[in-house]
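Participant:
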Amino acid sequence: MKKVSIAFLALFLAFTACQRVPLSNRNQLMLVNSSELLPMSFKSYREFLDTSKVDRSGSDVEMVRRVGRKIQKSVEDYLRETNNSDLIKGFQWEFNLVESKDINAFCMPGGKVVFYSGILPICKDEAGVAVVMGHEVAHAIASHGAERMSQGMLSQGILTAGQVGLGVAMSSKPQQTQQLYNSVYGMVAPAATQVGYLLPNSRRQESEADELGLTFIAKAGYDPQNAVGFWQRMAAASNGQKPPQFLSTHPADNTRIRDIKSHLPKAQKVFQASR
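With mature numbering (1 follows the signal peptide of the UniProt record, and there is no 0) as the guide, the letters of the sequence shown map in order to residues -19 to -1, 1 to 256.
#1: How many Å lie between Ala216 and Asp234 at the Cα?
#2: For Gln73, count neighbouring Cβ atoms within 10 angstroms of its own Cβ and tell me buried if that reaches 16, exposed if not.
#3: Would DSSP call Glu75 helix, strand or coil?
#4: Just the Cα atoms here: how many angstroms apart are Leu19 and Pro90?
#5: Using CA atoms only, rank isn't needed, just tell me which of Glu192, Arg184, Ser188 and His231 is closest to Pro246.
#6: With a CB to CB cut of under 7 Å and the five nearest residues on each side skipped, what residues in its chain are close to Ser33?
#7: Using the three-state DSSP reduction, which class does Gln206 fall into: helix, strand or coil?
#8: Less than 7 Å between C-beta atoms, sequence neighbours within five positions excluded: which residues of the same chain meet that for Ile100?
#9: Between Val118 and Val94, is the Cβ-Cβ spacing less than 9 Å?
#10: Would you grab the beta carbon distance between Met21 and Tyr162 for me? Rounded to a whole angstrom, and I think it's under 8 Å.
#11: Spatial neighbours of Gly71 within its chain, please: C-beta separation below 8 Å, excluding the five flanking residues on both sides.
#12: Please list, in chain order, all residues of the same chain as Ala190 whose beta carbon is under 6 Å from its beta carbon, the five residues on each side excluded.
#13: Skipping 5 residues on each side, what residues in its chain have a beta carbon closer than 6 Å to that of Asn77?
#14: Using only the alpha-carbon positions, how far apart do Gly143 and Ile52 sit?
#15: Please report the residue range of the alpha helix (DSSP H) in which Met114 lies.
#16: Starting from Arg247, trace the alpha helix (DSSP H) in both directions and tell me its first and last residue.
#17: To the nearest angstrom, report how far apart Gln159 and Ser131 are at their CA atoms.
#18: Name the two residues that bound the continuous beta strand (DSSP E) containing Val95.
#19: Spatial neighbours of Cys104 within its chain, please: C-beta separation below 8 Å, excluding the five flanking residues on both sides.
#20: Return the residue from the list Asp106, Ser25, Ile122 and Arg256 that minimises the CA-CA distance to Asn65.
#21: Go ahead and pull the three-state DSSP assignment for Met11.
#22: Give me the residue from Asp240, Phe197 and Ser219 with the minimum Cα distance to Phe252.
#23: Are Asp204 and Ala108 touching if we call contact CB-CB under 9 Å?
#24: Per DSSP, what kind of secondary structure is Ala127 in: helix, strand or coil?
#25: Report the rounded CA-to-CA distance for Asn8 versus Asn14, giving the unit in angstroms.
#26: Apart from the five residues just before and just after Val209, which ones in its own chain have a Cβ nearer than 7 Å to its Cβ?
#27: Run through the stretch 30 to 54 for me and flag every whole alpha helix (DSSP H) of 4 or more residues, listed as ranges in chain order.
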């Protein structure tokens, strides 16, 4: 009987709580609106910065912020041109660099970006930083985190038929909902060093972020061809060693690199038009 109930709930939600990713036209389960996550995201981001060693000045800080501003403008222009500006309603963009040997970077809902200094050698230069920035921002724009929270709410029974929204979930099962948020966005503790996605994105989500990220960096004036070199360097970084945290959720395998190459012709047209 329980299996029947779960199956019925899944079918019910498939018709009542799904939306299309405007940028890929893919159907995605959405029990939580991305805008509902913004207050939690802003609070978690501030707590992380308060417990981390944030670089305030220097050439690397200037580079991360410079790339961030270019990607922000690229995203805003692209979404305006495609009539999707509502996707960034309530965003409060911020770009920070923290001192850490960890190879990682992330963008939380609302445009809250962090780069770890440990990823900069693999980025190699400003173009490499743009590749990572474009990819991470793409996850936020496509609401991948909200989608994974929605999937978790369904599988864990946090929400039942007819219930939709973060407020409902926090009222009915606050602890379980907070734990799910932590597992999706990596907020294990205020001083956590493992901020990023602890629950990996699906292959489809990664592919969407790759393709969309290429468009963002190309529109910002960065050659999308640099994405191939970055992922090759990232793959080499784990050769014979424990894979960087970034790779645990962003596998740099041959399939990924091949798919990125297949998207390059389209992205190159955007790049040429931006020059």
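Glycine included, each C-beta is placed from N, C-alpha and C at the ideal position.
Facilitator: Straight from the coordinates:
#1: Between the alpha carbons of Ala216 and Asp234 lies a gap of roughly 7 Å.
#2: exposed
#3: strand
#4: 6 Å
#5: Shortest Cα-Cα distance from Pro246 to any of Glu192, Arg184, Ser188 and His231 involves Glu192.
#6: Val79
#7: coil
#8: Ile84, Asn85, Ala86, Val113 and Phe227
#9: yes
#10: 6 Å
#11: Here the set comprises Ser16, Leu19 and Gly91.
#12: The residues are His116, Ala119 and His120.
#13: Val35 and Val95
#14: Confidence at Gly143 is low in this model, with a pLDDT of 44, below 50, so the placement of that residue should be treated as unreliable; the coordinate-derived value is given next. Using only the alpha carbons, I get a separation of about 38 Å.
#15: Glu107 to Ile122
#16: First, the amino acid is wrong: residue 247 is Lys here, not Arg. Asn235 to Ser255 is the extent of the alpha helix (DSSP H) around Lys247.
#17: 13 Å
#18: Going by DSSP, Val95 is part of the beta strand (DSSP E) stretching over Lys93 to Tyr97.
#19: Val110, Val112, Val113 and Phe211
#20: Ile122
#21: Note: Met11 maps to coil in three-state DSSP.
#22: Phe197
#23: yes
#24: helix
#25: 15 Å
#26: Ile238, Ile241 and Lys242
#27: none
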